[in-house]
Amino acid sequence: MNAVNASPVRIGLAGLGTVGSGLVAILDRNADWIERRLGRTIAVKTVLVRDPAKPRAVALGPGVTLTVDPDALVNDPDIEIVVELMGGIDAAFALIHKALSAGKHVVTANKALLAERGPELFALAAQKGLGLYYEASCAGAIPIVETLKQSLAGNRIQSILGILNGTANYILSSMSDKGLSFAAALRQAQEKGYAEADPTLDIQGIDAAHKLVLLIRLAYGQNLPMAKLPVEGITRVTPEDIRFAGEFGYTIKLIGQVHEIDGKLAAGVFPMLVHKDFLLASVKGAFNAVRVEGDASGPILLHGKGAGDLPTGSSVLADILALAREGMIPNNTGFLTEPLPEADLIDPDEALCPHYLHFTVRDQAGVMAAISKSMGEHGVSIRQAVQKGEPEDGYVSIVFLTHEAETRAIRAVLADTDAMPFIKPGTVHLRVL
Numbered sequence: 115m116n117a118v119n120a121s122p123v124r125i126g127l128a129g130l131g132t133v134g135s136g137l138v139a140i141l142d143r144n145a146d147w148i149e150r151r152l153g154r155t156i157a158v159k160t161v162l163v164r165d166p167a168k169p170r171a172v173a174l175g176p177g178v179t180l181t182v183d184p185d186a187l188v189n190d191p192d193i194e195i196v197v198e199l200m201g202g203i204d205a206a207f208a209l210i211h212k213a214l215s216a217g218k219h220v221v222t223a224n225k226a227l228l229a230e231r232g233p234e235l236f237a238l239a240a241q242k243g244l245g246l247y248y249e250a251s252c253a254g255a256i257p258i259v260e261t262l263k264q265s266l267a268g269n270r271i272q273s274i275l276g277i278l279n280g281t282a283n284y285i286l287s288s289m290s291d292k293g294l295s296f297a298a299a300l301r302q303a304q305e306k307g308y309a310e311a312d313p314t315l316d317i318q319g320i321d322a323a324h325k326l327v328l329l330i331r332l333a334y335g336q337n338l339p340m341a342k343l344p345v346e347g348i349t350r351v352t353p354e355d356i357r358f359a360g361e362f363g364y365t366i367k368l369i370g371q372v373h374e375i376d377g378k379l380a381a382g383v384f385p386m387l388v389h390k391d392f393l394l395a396s397v398k399g400a401f402n403a404v405r406v407e408g409d410a411s412g413p414i415l416l417h418g419k420g421a422g423d424l425p426t427g428s429s430v431l432a433d434i435l436a437l438a439r440e441g442m443i444p445n446n447t448g449f450l451t452e453p454l455p456e457a458d459l460i461d462p463d464e465a466l467c468p469h470y471l472h473f474t475v476r477d478q479a480g481v482m483a484a485i486s487k488s489m490g491e492h493g494v495s496i497r498q499a500v501q502k503g504e505p506e507d508g509y510v511s512i513v514f515l516t517h518e519a520e521t522r523a524i525r526a527v528l529a530d531t532d533a534m535p536f537i538k539p540g541t542v543h544l545r546v547l
């Protein structure tokens, strides 16, 4: 196509916060580069905002209209692509549903919406033959969505392991590298802008779980309801556990993982001990990383910034460029089947992995023997057991690393030991990768 005679790709942008501002900044900064790649310019025509009078972090061109009416994006025949960056679920769902119904492609960064109500929107997009693209919804600048949809499409994906939340990774890295408490590390993350004022979604593992649901859909062609995914956050991880893990040769990371076993999926989000020889253990600060293993490709590690205005904006722009190219057939989930079947998930209690158990016990004879007896009765094999530190207020720490064991067996051991009068409540249980 002759770029001189081509009309611009006009987009309607919903939301001008961090990511929306980043997108506008990239469009302005790289306008000539984008035109060389696409053969057309990309122009923001209308921006949906809550308050048109609010000062903005970026300058909008003279031809850009601010509106509080979602229909201004949906009903404008000049707008080819609606870009949803406002977040939330209900209002975003309504906007995307209207846009698809009106025949417009959609780009979104909204992982919570797609994890919770994605099947409805993907079905509508398939019915209309439209694109619903979402590279920016998983791991910021890391091109994991397109990698699973396209680059690894000929592989059967055997496993995905990922550090999918930069806030949690920053907190755990600060606790590990600086010896900070969880509360101090969280406060520092908030001061630096890595954590929201309400960090619940990040520290409870929910944000990582949303992303994992999307990756499972892409990798296995199955929808996994959020309610069926086991999720644990990082709030119970202590500096002592990080120190003990380090002495055993591990670091603690919040890991989203899935692997296939005999046609079923084993999946979950957990704080896990990761051996320091693994590449994932070296991912520090607010960065994300995803390790994908295909039956043909073998293991691949993608690493990069998981959030921020320009990194996430770059992923949004990649989707816009893909949808704007002539003759493209939208490829939303990477699979022709629509709707996708629901995932068949292994019972989380049957999941097998090694485990880390940190007991705080009275400093008296027979304690380790009592715990070991319970583990033996429930078929949990001990790999390593040590008493850590000097007695404090009459109590000491005993730490166990186990061989592979079912989660059900570990829960039974914890039920036994919680009832032992010489063990303090609050035993720490972490999985080992």
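So for the sequence shown, this note's numbering puts the first residue at 115; every next one is plus one.
Ideal Cβ positions, reconstructed from N, Cα and C, are used throughout, including at glycine.
{"Query": "Check the C-beta distance from Leu544 over to Ile366 and give it rounded, since I have them as a contact under 8 Å.", "Result": "7 Å"}
{"Query": "If the criterion is Cβ atoms closer than 8 Å, does the pair Val351 and Pro385 meet it?", "Result": "yes"}
{"Query": "In the DSSP assignment, what are the bridge partners of Thr160?", "Result": "Gly126 and Thr179"}
{"Query": "For Thr447, which of Glu230, Ala240, Ile434 and Gln302 has the nearest alpha-carbon?", "Result": "Ala240"}
{"Query": "Quick check on Phe449: does DSSP put it in helix, strand or coil?", "Result": "coil"}
{"Query": "Could you compute how far the alpha carbon of Thr426 sits from the alpha carbon of Asn224?", "Result": "11 Å"}
{"Query": "Going by alpha carbons, who is nearest to Phe104 out of Glu260, Ile277 and Leu294?", "Result": "No statement about residue 104 is possible, as the shown extent of the chain runs from 115 to 547 and does not include it."}
{"Query": "Whose C-beta lies closer than 6 Å to the C-beta of Ala157 among residues of the same chain, with five residues either side of it excluded?", "Result": "Pro122 and Arg124"}
{"Query": "Examine the Cβ distances between the region 281 to 289 and the region 211 to 228 and report whether three or more of them are shorter than 8 Å.", "Result": "no"}
{"Query": "Which whole-angstrom value describes the C-beta separation of Arg231 and Phe207, a residue pair presumed to lie in contact below a C-beta threshold of 8 Å?", "Result": "6 Å"}
{"Query": "Where Arg476 and Leu528 are concerned, what is the direct C-alpha to C-alpha distance, given to the nearest angstrom?", "Result": "17 Å"}
{"Query": "Should Ala117 be labelled buried (16 or more other beta-carbon atoms within 10 Å of its own) or exposed?", "Result": "Below a pLDDT of 50, predicted positions are generally treated as unreliable, and Ala117, at 43, falls in that range; the measurement from the model is reported next regardless. By the 10 Å Cβ count, Ala117 comes out exposed."}
{"Query": "Can you tell me whether Leu187 is buried or exposed? The criterion is at least 16 other CB atoms within 10 Å of its CB, across all chains shown.", "Result": "buried"}
{"Query": "Let me know the secondary structure DSSP gives Met386 once reduced to three states.", "Result": "strand"}
{"Query": "Using a Cβ-Cβ cut-off of 8 Å (strictly less than) and excluding sequence neighbours within five positions of Gln304, which residues of its own chain qualify?", "Result": "Glu310, Ala311 and Pro313"}
{"Query": "Is DSSP giving Pro505 helix, strand or coil here?", "Result": "strand"}
{"Query": "I'd like the span of the beta strand (DSSP E) that includes Thr474, first residue to last.", "Result": "His469 to Arg476"}
{"Query": "Please name the residue in Glu361, Ile512, Thr160 and Leu152 whose C-alpha comes closest to that of Leu130.", "Result": "Thr160"}
{"Query": "Indicate the three-state DSSP secondary structure (helix, strand or coil) for Ser511 in the structure shown.", "Result": "strand"}
{"Query": "Counting along the chain, where does the beta strand (DSSP E) carrying Gly276 start and finish?", "Result": "Ile271 to Ile277"}
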